[in-house]
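J.: So the sequence shown is numbered by our numbering: it starts at 1 and just counts up by one.
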Amino acid sequence: MAAKLGYDDTPFLPNSRFRVHDDDRPKPPVVRPATPSMPNGAAGQPPSDAVILFSGKNLDNWVDSKDSEPAQWKVEHGYMEVVPGTGSIQTKETFGDCQLHVEWAAPTEIVGTSQGRGNSGVFLMGQYEIQVLDCYDNPTYADGVTAGIYGQWPPLANACRKPGEWQVYDIIWEAPRFEGDKLVRPAFVTVLFNGVVVQNHTQLIGPTTFRDTAGYTAHPSQGPLMLQDHANPVRFRNIWYRKLGDNSL
Ligand code: MG
């Protein structure tokens with residue numbers, strides 16, 4: 001018998017089967033934490049319980065979004081790079097609620113303006129876009145700024161690093177809930193961009209559209225992560241997620 005660490009004579013927490021400091025409450029699992037990445041250097045290490053989607057070696061976990069054929073983007077020096085015209089790519093793996101980590105870098109050579117400069121996108125469940133764009137000294141419309149929920153919600157701040165430097169998205173995603181065809185809870189997202197909170201439990205209106213709005217259409221509780229080919233050679237590295245649990249159980 002393990003030594004008793006908590007209490008069994010304290011009041012019950014509201015709407016809970018556990019008491020305050022309950023000795024029988026499941027203890028949190030031990031996780032070796034992530035190590036940070038350097039903007040002009042090496043990628044960090046994922047936490048020990050992460051599911052690795054891209055470690056810098058190959059695109060074995062990815063397919064072409066349109067036809068599920070092998071992904072055609074370039075892999076070199078520990079990153080993948082959009083090959084314009086080959087199409088968007090997505091994970092073979094599908095998942096729902098998660099903590100997602102993605103690092104990206106806009107092309108060092110500045111080409112284009114506004115939405116034409118270093119454009120890509122992180123599409124949660126293949127249809128909800130967190131915009132990727134080089135917005136360092138590059139004006140564009142507000143709901144198209146880097147780390148915006150494209151076409152819906154601008155980021156709370158523009159925390160862009162210079163083109164060519166590695167930038168970090170840490171995303172907490174709560175998938176929409178459906179009962180049959182009916183939406184019972186919309187999607188919510190929190191985004192830290194280079195350590196700055198830019199989306200704070202923001203409620204999504206629906207899937208991403210261009211020059212339009214769309215409500216939710218029922219879909220499975222899990223979907224792939226998609227990265228966009230928007231004709232700019234944007235780079236990605238160190239992509240992983242952790243499934244989000246429920247500490248009320
Ligand atoms: Mg985009």
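From the three backbone atoms N, C-alpha and C, an ideal C-beta is built for every residue, glycine too.
#1: For Pro70, which of Pro233, His230, Gly215, Ile89 has the nearest alpha-carbon?
#2: Around the C-beta of Asn247, are 16 or more other C-beta atoms found within 10 angstroms, so that it is buried, or is it exposed?
#3: Less than 7 angstroms between the C-beta atoms of Leu204 and Tyr128, yes or no?
#4: Apart from the five residues just before and just after Ala231, which ones in its own chain have a Cβ nearer than 6 angstroms to its Cβ?
#5: Could you spell out the range, first to last residue, of the beta strand (DSSP E) harbouring Cys98?
#6: Of the choices Ser16, Gly118, Val234, Gly96, whose alpha-carbon is the least far from that of Gly126?
#7: Per DSSP, what kind of secondary structure is Ser114 in: helix, strand or coil?
#8: Taking Gln99 as the reference, which of Ala175, Thr213, Tyr79 has the closest Cα?
#9: Does the ligand MG have a heavy atom nearer than 6 angstroms to the CB of Gln199?
#10: With a CB to CB cut of under 7 angstroms and the five nearest residues on each side skipped, what residues in its chain are close to Ser37?
#11: Let me check you understand the geometry: is the CB of Gly121 closer than 6 angstroms to at least one non-hydrogen atom of the ligand MG?
#12: Considering Ser120, what are the terminal residues of the beta strand (DSSP E) in which it resides?
#13: Across the segment 176-190 and the segment 102-120, are there enough close Cβ pairs to call them in contact, namely three or more that are closer than 8 angstroms?
#14: Cβ-heavy atom distance between Gln127 and the ligand PLP below 6 angstroms?
#15: Considering Phe178, what are the terminal residues of the beta strand (DSSP E) in which it resides?
#16: Have a look at the DSSP bridge pairing and note the partners of Val197.
#17: Would you decide whether Ser270 is buried or exposed? Buried here means 16 or more other CB atoms lie within 10 Å of its CB.
#18: What are the residues that DSSP puts in a beta bridge with Lys236?
#19: Can you tell me whether DSSP reads Gly223 as helix, strand or coil?
#20: Do the segment 218-226 and the segment 188-197 touch if we need at least three Cβ pairs shorter than 8 angstroms?
T.: The answer reads as follows:
#1: The residue given as residue 70 occupies position 70 in the sequence shown. Ranking the options by Cα distance to Pro70, first place goes to Ile89.
#2: Sequence index remark: in the sequence shown, residue 247 carries index 247 (1-based). Asn247 should be labelled exposed.
#3: Counted from its first residue, the sequence shown places residue 204 at position 204. Counted from its first residue, the sequence shown places residue 128 at position 128. In contact: Leu204 and Tyr128 (Cβ atoms closer than 7 angstroms).
#4: Position 231 of the sequence shown, counted from the first residue, corresponds to residue 231. Closer than 6 angstroms at the Cβ level, and outside the excluded window around Ala231, lie Pro84.
#5: Taking the sequence shown and counting its residues from 1, the one referred to as residue 98 is at position 98. Run containing Cys98: 98-105, per the beta strand (DSSP E) assignment.
#6: Locating residue 126 in the sequence shown gives position 126, counting from the first residue. Among Ser16, Gly118, Val234, Gly96, the Cα nearest to that of Gly126 is on Gly96.
#7: Here residue 114 is taken as the residue at index 114 of the sequence shown, counted from 1. It is helical.
#8: Counted from its first residue, the sequence shown places residue 99 at position 99. Among Ala175, Thr213, Tyr79, the Cα nearest to that of Gln99 is on Ala175.
#9: Locating residue 199 in the sequence shown gives position 199, counting from the first residue. Result no, Cβ not under 6 angstroms from the ligand MG.
#10: Against the sequence shown, residue 37 aligns to sequence position 37. For Ser37, where only same-chain residues beyond five positions count, the Cβ hits under 7 angstroms are Ala43, Gly44, Glu103, Trp166, Val168, Asn238.
#11: As a working mapping, residue 121 is identified with position 121 in the sequence shown. The answer is yes for Gly121.
#12: Taking the sequence shown and counting its residues from 1, one reaches residue 120 at position 120. Counting along the chain, the beta strand (DSSP E) containing Ser120 begins and ends at 120-124.
#13: no
#14: In the structure on display, the ligand PLP does not appear, and the ligands it does have are the ligand MG.
#15: Position 178 of the sequence shown holds residue 178. Taken as a continuous stretch (DSSP letters only), the beta strand (DSSP E) holding Phe178 covers 177-179.
#16: The residue you call residue 197 lines up with position 197 of the sequence shown. Answer by DSSP bridge pairing, in chain order: Leu192.
#17: In the structure as shown, the chain starts at 1 and stops at 249, and residue 270 therefore has no counterpart that could be examined.
#18: Taking the first residue of the sequence shown as 1, we reach residue 236 at position 236. The sequence as given places Phe at residue 236; Lys does not occur at that position. Looking at the DSSP assignment, Phe236 forms a beta bridge with Met80, Trp104.
#19: Residue numbering aside, residue 223 sits at position 223 when the sequence shown is read from its first letter. If DSSP states are grouped into helix, strand and coil, Gly223 belongs with the strands.
#20: no
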